[in-house]
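Residue numbers (our numbering), protein chains in the order written: chain A, 2 to 66; chain B, 2 to 138.
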């Protein structure tokens, strides 16, 4: 029983330590996602042409390899 | 000052002559071509509803553009494509088949469990029936 309590307390401590970092990472990822989405929505032509160009280059490289 | 005025007039002279007409014609045709291109692009945008699609699904449209570029670059019949397709098929089959297998196994387990319980209950009944007479005896 003591062992189980110890494991539980350790898990709680680790969770308490890691949770703020996880929340921070989540916030950052959310803001990054919204920034990227906004940029794509603001400049659709540029993004699509860039994506086509990147795909073209990848296709060329894949053909050569 | 006089020199500058002279230079300006000497530079402007060809513009009024035959060369100037050609230059203006080229300029006009370039403007027309640019306007037509812009119009065609705007019409294409309107016809394909690109902006609407990008607004609805930005990542999907970018992925589609990447795919179009990849195909245009000649990457469709390459080992990389076969690897990507094989990986996609593997993941897709796993995602599609595993839930089905899970359901089947759970149904089978339920059926087997039900049979087992019924069997045990039957045995118990038989045992009790058998035990009664022996106990009575």
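Even glycine gets a Cβ: it sits at the ideal position worked out from N, Cα and C.
With 16 other Cβ atoms within 10 Å as the buried cut-off, status of residue 53 (chain A): Looking at its Cβ environment, which holds 16 or more other Cβ atoms inside 10 Å, residue 53 (chain A) is buried.
Chain A residues whose Cβ lies nearer than 8 Å to that of residue 81 (chain B): 63 and 66
Give the list of continuous alpha helix (DSSP H) stretches no shorter than 4 residues that lie fully inside the segment 49-126 of chain B. 51-57 and 59-73
With a threshold of 8 Å between beta-carbons, can residue 38 (chain A) be considered close to chain B, or not? yes
By the three-class DSSP mapping on this structure, what secondary structure does residue 149 (chain B) have? Here chain B has residues from 2 to 138 only, and residue 149 (chain B) is not among them.
Could you name the residues of chain A that residue 67 (chain B) contacts, counting a contact when the two beta carbons are closer than 7 Å? What residue 67 (chain B) touches in chain A: 52, 55 and 56.
Under 8 Å, with one C-beta from each stretch per pair, do the segment 89-107 of chain B and the segment 28-35 of chain B reach the 3-pair mark? no
Skipping 5 residues on each side, what residues in its chain have a beta carbon closer than 8 Å to that of residue 45 (chain B)? 51
Within the 8 Å Cβ cut-off, does residue 6 (chain A) reach chain B? no
Residue 20 (chain A) to residue 29 (chain A), Cα distance in whole Å? 14 Å
Integer Cβ distance of residue 74 (chain B) from residue 60 (chain A), believed to fall under 8 Å: 2 Å
Given that residue 49 (chain A) touches chain B, what residues does it touch there, using C-beta distances under 8 Å? Those within 8 Å of residue 49 (chain A) in chain B are 51, 55, 62, 63 and 66.
So, with DSSP's three-state summary, where would you put residue 44 (chain A)? coil
Please decide whether residue 73 (chain B) counts as near chain A, where near means a Cβ-Cβ distance under 8 Å. yes
Please classify residue 41 (chain A) as buried or exposed, where buried requires at least 16 other C-beta atoms within 10 Å of its C-beta. buried
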